[in-house]
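Engineer: Protein chains in written order, with this note's numbering: chain Y, 94 to 605; chain Z, 94 to 605. Built from N, CA and C at the ideal position, the CB exists for glycine as well. What you are looking at is a predicted structure, and each value in this text was computed from that prediction instead of being measured.
Protein chains: 2
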Amino acid sequence: MNGAESLVRTLLEGGVDTCFANPGTSEMHFVAALDRVPGMRCVLGLFEGVVTGAADGYARIAGKPAATLLHCGPGLANGLANLHNARRANSPVINIIGDHATHHRQYDTPLTADVEGWARPVSVWTRTATEVGAVGTAAAAAIQAACTAPGGIASLILPSDVSWDAGGQVAAPMPSIPAPRVSPDVLLNIARTLRSGRPSLLLVAGRALAEDAMADAQRIAAATGAQLFCPVQNARIPRGRGRFEIERIPYFADAARARLDGIANVILVGAPAPANFFAYPGKSSRPYADDATVHVLARPEEDLADALRRLAEELAAPPLTCPQTAAETQLGSGPLSSAAVAQSLSVLLPEHAIVVDEAATFGHAFYPGTRHAAPHDWLQNTGGAIGHGLPMALGAAVAAPERRVVALQADGSAMYTPQALWTMARERLDVTVVILANRKYAILQLELANVGATAGATAMNMLDLGNPDLDWVQIATGMGVEAARADTMERFNELFAMANRRPGPFLIELVV
Amino acid sequence: MNGAESLVRTLLEGGVDTCFANPGTSEMHFVAALDRVPGMRCVLGLFEGVVTGAADGYARIAGKPAATLLHCGPGLANGLANLHNARRANSPVINIIGDHATHHRQYDTPLTADVEGWARPVSVWTRTATEVGAVGTAAAAAIQAACTAPGGIASLILPSDVSWDAGGQVAAPMPSIPAPRVSPDVLLNIARTLRSGRPSLLLVAGRALAEDAMADAQRIAAATGAQLFCPVQNARIPRGRGRFEIERIPYFADAARARLDGIANVILVGAPAPANFFAYPGKSSRPYADDATVHVLARPEEDLADALRRLAEELAAPPLTCPQTAAETQLGSGPLSSAAVAQSLSVLLPEHAIVVDEAATFGHAFYPGTRHAAPHDWLQNTGGAIGHGLPMALGAAVAAPERRVVALQADGSAMYTPQALWTMARERLDVTVVILANRKYAILQLELANVGATAGATAMNMLDLGNPDLDWVQIATGMGVEAARADTMERFNELFAMANRRPGPFLIELVV
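1. Where does P461 of chain Z fall in DSSP's three states?
2. Please check the pair F113 of chain Z and T118 of chain Y, which I expect to be a contact at CB under 8 Å, by giving their CB distance rounded to whole angstroms.
3. Can you tell me the Cα-Cα spacing of A410 of chain Z and R312 of chain Z, whole angstroms?
4. What residue from Z:E406, Z:A314, Z:A227, Z:T161 has the CA that sits closest to A239 of chain Z's CA?
5. So, with DSSP's three-state summary, where would you put R220 of chain Y?
6. Verify the CB distance criterion: does V491 of chain Z have a CB-CB separation below 9 Å to chain Y?
7. Let me check understanding here. Comparing Cα to Cα, which of Z:W471, Z:L169, Z:F140 lies closest to G333 of chain Z?
8. So if DSSP puts G166 of chain Y in a beta bridge, which residue, or which two residues, is it bridged to?
9. Could you pull out every residue in the same chain whose Cβ sits closer than 6 Å to the Cβ of D504 of chain Z, ignoring the five residues on either side in sequence?
10. I need the boundaries of the alpha helix (DSSP H) containing T286 of chain Y, first residue and last residue.
11. Just the C-alpha distance for L603 of chain Y and L361 of chain Y, rounded to the nearest angstrom, thanks.
12. Please list, in chain order, the residues of the segment 560-583 of chain Y that have any C-beta partner in chain Z closer than 9 Å.
13. The beta strand (DSSP E) with P252 of chain Z in it runs from where to where?
14. So, does the CB of E451 of chain Z fall closer than 9 Å to a CB anywhere in chain Y?
15. Please list the terminal residues of the continuous beta strand (DSSP E) segment that includes P484 of chain Y.
16. Anyone know if the C-beta pair for T202 of chain Z and P252 of chain Z falls short of 9 Å?
17. Identify the contact partners of S119 of chain Z in chain Y, using a Cβ-Cβ distance below 7 Å as the criterion.
18. Closest to N369 of chain Y by CA distance: which of Z:R274, Z:S256, Z:T205 is it?
19. Under 9 Å, Cβ to Cβ, is there at least one residue of chain Z near I648 of chain Y?
20. Using DSSP bridges, identify the partner residues of W471 of chain Y.
21. Between P393 of chain Z and the rest of its own chain, which residues show a CB-CB distance below 7 Å, the 5 nearest in sequence each way excluded?
22. Count the other C-beta atoms from every protein chain shown that fall within 10 angstroms of the C-beta of M572 of chain Z, then say buried if there are 16 or more, exposed otherwise.
23. Would you mind working out which of Z:T241, Z:I356, Z:A231 sits nearest P292 of chain Z, comparing C-alpha positions?
24. Work out the CA separation of R584 of chain Z and D562 of chain Z for me, nearest whole Å.
25. Go through its chain and collect everything with a Cβ distance to G229 of chain Z's Cβ below 6 Å, but skip five positions before and after it.
26. Quick one: is Q262 of chain Z near chain Y, going by C-beta distance under 9 Å?
27. Is F345 of chain Y close to chain Z? Criterion is C-beta to C-beta, closer than 9 Å.
28. Along the beta strand (DSSP E) that carries S293 of chain Z, what are the first and last residues, could you check?
29. Output yes if chain Z places a C-beta closer than 9 Å to the C-beta of S253 of chain Y; else output no.
30. In its own chain, which residues sit with a C-beta less than 6 Å from the C-beta of P367 of chain Y, not counting the 5 before and 5 after it?
31. So, are the CB atoms of T525 of chain Z and G138 of chain Z less than 9 Å apart?
32. DSSP state of V263 of chain Z, grouped into three classes?
33. For P365 of chain Z and chain Y, any beta-carbon pair shorter than 9 Å?
34. So, for A174 of chain Y: in the same chain, excluding its five sequence neighbours on each side, which residues have a beta-carbon less than 7 Å away from its beta-carbon?
35. Starting from I342 of chain Z, follow the beta strand (DSSP E) in both directions and report where the run begins and ends.
36. Ignore the nearest five residues each way along the sequence and tell me which others in D258 of chain Z's own chain have a CB closer than 7 Å to its CB.
Written out as structure tokens, the structure is:
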């Protein structure tokens with residue numbers, strides 16, 4: 094057995110059975126091993142940003158890692174932005190990077206690059222397998238590292254000779270490492286703070302957004318009067334009818350500051366202390382008052398659900414029942430607006446849909462406007478590196494073939510990784526893509542004013558995606574995805590309902 | 094004057110008057126400064142790989158650096174692969190990366206990343222400007238560093254507060270640093286080696302491929318019997334009728350080994366010692382014999398033209414006149430083949446065209462088959478990170494608006510950075526793009542056998558771009574570039590001649 098085969102077999106033993114790949118010459122033995130070892134689903138991406146973003150989307154829905162397969166340093170480099178996003182989502186990923194043979198690296202041939210140096214900033218674990226017998230063990234260790242709470246990217250670099258040499262050994266899965274429990278002292282301190290009666294913010298993130306943990310967080314908030322929020326961007330929020338809703342901290346600095354006015358205690362549950370996305374001249378980076386106190390109930394790597402449950406018990410917070418609401422029936426109509434689209438989404442979102450939200454400015458009403466939609470998961474870009482939505486939708490669809498994925502996608506961001514459309518077509522994935530075509534970097538036109546800059550013609554030209562307008566129907570069709578354009582609510586409603594009913598991907602260019 | 098304005102003014106003073114940009118919030122003051130300071134041409138790319146590849150193409154043709162403008166760590170990450178290629182081409186680039194305000198970084202907000210860590214492996218110079226008064230000096234130092242032989246990437250990280258703070262100071266250009274001359278001892282040793290009569294290879298690269306240096310290299314080879322080669326991939330080769338032709342070392346290991354059989358001395362002029370692009374099981378990484386001796390006439394950072402001229406004089410090598418050849422008139426015809434397309438190119442390439450070659454497997458006959466075309470420059474992917482061709486063509490066209498750019502582009506590689514087409518349309522650049530649509534990663538199908546792997550259905554699926562076929566006419570049209578398809582030589586000849594005569598970009602999908 095060669096090293097590549099020992100790698101594939103170890104991955105399968107460890108429960109990793111999906112690989113998003115963009116291979117090159119140095120990965121040919123891994124690719125060849127896929128035919129000798131049944132059980133690994135291999136999905137081709139035509140650009141590495143698609144591969145890594147898909148692995149992120151997959152992990153968020155499957156709750157376990159997929160593997161990537163990338164070609165040398167530059168292949169990794171192309172995937173870094175979405176690995177950055179995955180890192181911010183704490184998504185487990187087995188990030189496999191093929192590289193030159195160990196004896197070949199010294200020649201510094203064209204593709205030679207600092208693979209480890211580029212991988213480390215996004216990885217919780219980075220290792221180069223330098224001999225064939227160590228490949229299996231390294232793969233098992235990678236799975237363990239990726240799956241240890243809160244989850245992260247394990248980058249395994251695989252020189253081609255280590256891949257093709259004989260002597261590969263399959264490694265058994267390493268034991269999973271349980272998330273540490275919060276100490277009783279911490280719980281008592283937080284309980285005391287919440288009982289103090291001073292205005293408190295309970296900020297929950299990550300696994301604390303799962304349904305069971307959320308129920309406890311809601312109990313705590315109801316019993317103590319604490320305000321319950323999650324960060325502006327989250328890996329996955331289960332929501333919709335029959336589920337508790339949670340408000341996000343507003344994106345813009347002034348709105349966030351206004352919303353958190355008067356907060357004396359900031360209590361963190363798997364979240365970092367809130368900070369504005371960007372700095373603005375003359376403004377604090379924090380949306381809460383300077384004299385507020387920050388408390389940590391649980392760090393991201395700790396057992397968040399356990400901490401919330403024990404805190405609720407300590408506070409003797411009564412159980413809560415989620416208020417039941419009726420299904421929405423009134424479609425959005427009239428002029429195209431964020432609120433009107435949200436209204437239609439709240440009627441038309443299929444049961445258990447996966448919503449991938451990279452909608453940017455036009456999407457401002459989508460999250461609040463869909464709280465009464467059918468139960469669904471809401472996935473966001475957690476790292477701010479745009480070009481995440483389409484790949485993430487693709488990965489989510491691979492993880493959950495029985496669910497509809499709806500990608501709400503700003504046009505500027507979509508242009509970073511349009512290649513994802515091709516893979517959706519090839520794999521016949523049930524994805525409805527809605528391109529929100531405002532034909533500009535609208536967020537930057539807002540931010541220009543926020544940072545106190547004034548723009549003339551040259552600057553505005555840098556923020557404008559028109560001249561020429563992108564034609565998303567042609568771009569999608571060119572990549573094998575059926576598509577149509579809507580410029581009224583009526584047409585959107587008709588297309589969106591149709592797209593969600595038919596198998597395979599469909600793209601709607603919504604000209605807003 | 095704020096820091097951003099001092100940066101723009103210092104760049105202009107240093108002769109940097111073109112900026113390829115994909116800005117975000119942290120770069121808004123730079124963007125705003127462009128309207129206050131006339132003289133900087135700013136070209137928008139919809140993905141950072143387009144921006145950095147364009148800066149490389151620009152530098153190769155303009156002979157001076159452009160600036161990039163990238164948004165935080167992830168924006169840099171998206172541009173790294175083409176920066177890797179630019180590094181291998183020794184292209185000067187002023188790589189400007191906006192980042193969070195200095196006081197904001199501590200909050201580790203979503204976009205925070207290891208900008209310096211990612212930049213350093215591709216850069217000859219990396220600096221974060223930490224206060225506004227230092228921005229001008231840093232920019233001047235960046236230009237000096239980028240332009241010091243052999244040329245490289247200077248990465249300047251610009252926190253947003255340093256950009257918006259008042260107190261910017263324009264810095265005068267720093268003196269250029271001349272390339273060191275090779276010592277007389279080295280010259281004498283190389284001359285002695287060449288006079289020995291043992292078979293020698295003279296391997297020239299970089300600036301040694303410029304017309305004047307090439308004439309001296311040819312003299313030396315003719316006078317001594319040395320074989321003259323350049324590496325398989327080169328930043329820029331001036332060639333065509335009335336110019337000396339130079340052979341490239343073959344790409345594939347066996348072909349290279351056969352071509353260099355019997356070589357006893359390898360003499361390097363700005364080139365690394367030849368090594369195969371990849372390692373193969375049981376094969377040496379070197380294409381020359383183990384007992385051959387490697388000599389260095391000049392390192393890349395030394396004055397290559399001077400070294401060749403002095404060596405020619407030392408050897409008393411008689412001047413050579415380049416043999417004149419008649420213009421080709423016979424268009425390629427019959428079945429579509431690499432040779433037939435090359436034949437048509439040799440007739441139809443416009444005078445002083447810039448050929449960007451990312452043609453991969455189907456292009457194997459293009460370089461040898463176009464030696465008698467009208468005078469032109471031949472630009473290649475020097476780092477092996479595919480997705481370089483379209484951005485490089487765009488940058489070359491910005492650098493030389495009076496010349497036609499012809500991009501010979503493999504389809505798999507084109508899919509990495511198709512967004513370049515949109516910028517070609519917006520800037521109305523005279524680029525003829527020929528997509529060689531074989532609908533597979535053909536090079537990998539060859540390499541699979543070369544590395545001794547055998548592929549079944551899963552593996553072949555990873556190397557196949559069909560299912561669904563990409564429709565390049567629709568993709569291009571969707572990005573504003575007129576396009577047409579050819580599947581015969583006759584249709585190709587007609588479209589290619591037409592495309593080269595009309596202003597603006599045109600894409601031909603050649604189904605091969």
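Structural biologist: Taking the structure as given:
1. helix
2. At roughly 30 Å, the Cβ-Cβ gap does not stay under 8 Å, so F113 of chain Z and T118 of chain Y are not in contact.
3. 6 Å
4. Z:T161
5. strand
6. no
7. Z:W471
8. Bridge partners of G166 of chain Y: none, in fact.
9. I528, A530
10. 277-288
11. 38 Å
12. N560, P561, D562, L563, D564, W565, V566, Q567, I568, A569, T570, G571, M572, G573, V574
13. 246-252
14. no
15. That residue, P484 of chain Y, is in no beta strand (DSSP E); its alpha helix (DSSP H) goes 482-492.
16. no
17. F371
18. Z:T205
19. In the structure as shown, chain Y begins at 94 and stops at 605. Residue 648 of chain Y is therefore absent and cannot be evaluated.
20. Y:I330, Y:V448
21. N183, P243, G299, G363
22. buried
23. Z:I356
24. 20 Å
25. S99, T103, Q262, V263, A264
26. no
27. no
28. 293-297
29. yes
30. I342, P380
31. no
32. coil
33. yes
34. G142, A478, G480
35. Segment: none, I342 of chain Z is in no beta strand (DSSP E) and carries neither H nor E.
36. N95, G96, V225
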